[in-house]
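Each remark here refers to the structure printed beneath this line.
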Amino acid sequence: MRNLLNFIARYNNVIIFLILEGIAFSLITSENSYHNTRFIKGIRGITAVIDKSVSRTTSYFRLRETEERLAKENIILRNMLGKIEKEENTLFFSLTDSVYKQKYIWSVAEVVNNSVNRQKNFFTLNKGYNQNLAADMAVISDDGVAGVIVGCSSNYSVAMSLLNIDFRLSARIKSNGYFGSLNWDGKDYKHAVLTEIPQHVNLIAGDTVETTGYSAVFPEGIMVGIISDIEKSGSDFYRISVLLKADFKKLNYVSVIANLQKAEQQNLEKQFQ
Amino acid sequence: MINRILRYSLIFVLLIILQLFLFSNIQFSGYVNPFVYVMFIMLLPFEIPSWLLLIISFLTGMVVDIFTGTPGMHAAATVMAGFSRPFVLRLIAPRDGYEASSEPSLLVYGFRWFFLYSLFIVFNHHFILFYVEVFRLADFFNTFLRVLLSTCFSVIFIMLLEFMRRGK
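As given, the protein sequences belong to chains A and B, one line each in that order. Just so you know, we're using this note's numbering here: the first sequence kicks off at 6 and counts up by one. Just so you know, we're using this note's numbering here: the second sequence kicks off at 247 and counts up by one.
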C-alpha cells in the first residue's frame with residue numbers, strides 16, 4: 006500500500022496526464038462523427054446565437070452578389086416553367102402517373118457556421134427537423150455540390166462539407182458519362198480529386214463533372230466542378246483534379262434537397278446485397 | 247496573487263479571441279493553420295505545480311474545442327504541450343538556471359531562449375493536433391508537412407505577440 010502511495014506521489018503528473026489525455030481521446034472517438042449535435046448542444050445554443058448574428062452581418066456585404074444570382078436563377082426557372090406549361094397544355098396525363106410523380110423536394114437554408122481550414126470540415130444550417138430536414142439530405146450551393154446533412158437538432162442541422170476527407174461522392178464526366186469517386190485530398194479548398202476513371206477515356210481540362218444520382222442522396226446531373234488538371238498515376242486510373250463550382254469560403258444560402266423515393270430505392274437494393 | 251490571476255485571465259481571453267476571430271481564418275493552400283493560443287500555456291509562471299499546469303492546459307484546449315466544435319481535439323494537444331513544458335524548460339535552461347518568481351519572457355531570457363522554447367512547445371502541440379485531426383496514418387508525410395509549416399507560422403506569430411506584449 007505504501008509503495009503504491011509512493012508510486013502515485015512520484016508519478017502524479019504522469020497519471021494526471023494520462024487521465025486527461027484519456028478524457029480527450031474518449032471525447033474525440035465517441036463524439037466527433039456527429040460533433041456539435043450531442044455533446045455541446047447546450048453550449049451550442051450560446052455559440053449558435055453568436056454565429057447567427059455574425060452571419061447576419063456578413064450576409065449584408067454579399068447582398069448585391071446574392072441579388073444578381075437570384076435574378077439569374079429566376080430567369081432560368083421562368084424559362085423552364087414556360088416549357089413545362091406548354092407541355093401540360095398539349096399533353097394529357099393522369100396526376101397519379103408515377104412518371105410525373107415528384108421525386109425531389111428543394112428547400113433553402115442559411116449557413117450560420119462554416120470552416121474550410123480543417124481536414125474534416127462541417128457547416129451548420131439554420132434549419133432542423135422542425136423544418137423537415139433530416140440526415141442524409143443533399144446540400145447544394147451556387148448550383149454546385151456542397152455537402153450532406155449528418156445530424157439535426159430541432160432548429161439547426163450539421164452538414165458534412167465536401168471539404169471533409171471522409172466525404173465520398175459518386176461523380177461522372179458529363180461529356181462521356183464515365184463515373185468515378187470524388188473526394189477531397191485535404192489540401193486546397195478550391196479543388197477535389199476524382200479517381201477511378203480508366204485511362205483509356207479521352208479527357209480534356211475544362212470538362213464538366215456532375216453527380217450521378219446512384220447514391221440516392223444527390224439528384225442526377227448536379228454540377229460538381231470542372232476538370233482543372235489530369236494526372237496519369239501509376240495504376241490504370243487517372244487522378245483528376247476538379248475545380249469545385251461551389252465557393253466554400255463564402256457559403257451563404259444553400260439549397261437542401263430531399264429525395265422522396267430514397268427509402269423505396271434503398272429497400273429494393275438491400276434485397277439484392 | 248489576485249493581480250496575477252487577473253492578468254492571466256486577461257491574457258487568456260485576448261489569446262482566445264485572437265485565435266478564433268483572426269488566426270483561425272488564416273489559411274494558405276490548406277497547409278498553414280496557425281494556433282497561437284498555445285502561448286497561454288507557455289506564459290504561465292515557472293513555479294506553477296505540474297498538476298495545475300496540466301489541468302489549465304486541458305481547460306484551455308476544451309474552451310477552444312467548444313468554440314470550434316471539435317470536442318477533445320485541442321484538449322489532447324494542449325495537455326501534451328502542458329505535459330512537455332517542464333521537460334522543455336529543463337532542456338533549454340540557461341546556465342545559471344531560472345530566477346525565482348519570474349515568468350517565461352523574451353525580455354528576461356533573450357530572443358534565442360524564447361524562440362527555442364516556443365518552437366518545442368508549439369511543435370509538440372501541433373504534432374498531436376494535426377495527427378488527431380486526421381486520425382489516420384495514410385497521408386503521414388503530407389500531415390507532417392502541415393505540422394512543420396503551421397509550426398513555423400505559429401512560432402512567428404507568437405514571437406510577434408511577445409514583442410508587442412513587451413512593447414506595451
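Just so it is clear, CB atoms sit at the ideal spot from N, CA and C, and this is done for glycine as well.
For Leu268/B, not one C-beta of chain A is nearer than 8 Å to its own C-beta.
Going by C-alpha positions, Val278/B is about 10 Å away from Arg123/A. Among the residues of the region 117 to 133 of chain A, those with a Cβ less than 9 Å away from any Cβ of chain B are Asn118, Ser120, Val121, Asn122, Arg123, Gln124, Lys125, Phe127 and Thr129, in the order of the chain.
Check the Cα spacing between His320/B and each of Thr306/B, Ser330/B, Pro332/B and Arg331/B: the tightest is with Thr306/B.
Across the set Met326/B, Arg331/B and Phe267/B, the C-alpha of Arg331/B shows the shortest separation from the C-alpha of Phe292/B. Here the alpha carbon of Leu168/A sits roughly 43 Å from the alpha carbon of Leu353/B. In the three-state scheme derived from DSSP, where H, G and I count as helix and E and B as strand, Trp297/B is classed as helix.
Annotated three-state conformation of Tyr254/B is helix, per DSSP.
For Leu25/A, the nearest CB of chain B lies under 8 Å from its own CB, placing it at the interface with that chain. A Cβ-Cβ contact shorter than 8 Å links Val229/A with Val247/A. Taking 8 Å as the upper bound for CB-CB distance, Ser159/A and His196/A are not in contact here, some 36 Å apart. Within 10 angstroms of the beta-carbon of Gly152/A lie 16 or more other beta-carbons, which makes it buried. DSSP places Gly149/A within a strand segment (E or B) once states are collapsed to three.
Legend: CB atoms of the region 311 to 341 of chain B lying less than 7 Å from CB atoms of chain A belong to residues Ile312, Phe313, Gly315, Thr316, Pro317, Gly318, Met319, Ala321, Ala322, Val325 and Phe329. Just measuring C-alpha positions, the residue of Phe22/A, Asn118/A and Glu70/A sitting nearest Ile302/B is Phe22/A. In the three-state scheme derived from DSSP, where H, G and I count as helix and E and B as strand, Gly185/A is classed as strand. Taking CB atoms only, Ser296/B has a neighbour in chain A less than 8 Å away. Collapsing the DSSP output to three states places Gly315/B in coil.
Within 9 Å of the CB of Leu187/A, no CB atom of chain B is found; the nearest one sits about 17 Å away. In the structure shown, Tyr258/A falls within a strand segment according to DSSP collapsed to helix, strand and coil. Secondary structure of Ala384/B (DSSP, three-state): coil.
Straight across, the Cα-Cα distance linking Arg177/A with Gly226/A is about 9 Å. In chain order, Ala251, Leu256 and Val259 place their CB closer than 6 Å to the CB of Ser146/A, counting only its own chain and leaving out the 5 sequence neighbours on each side. For the pair Ser255/B and Pro350/B, the Cα-to-Cα distance works out to about 17 Å.
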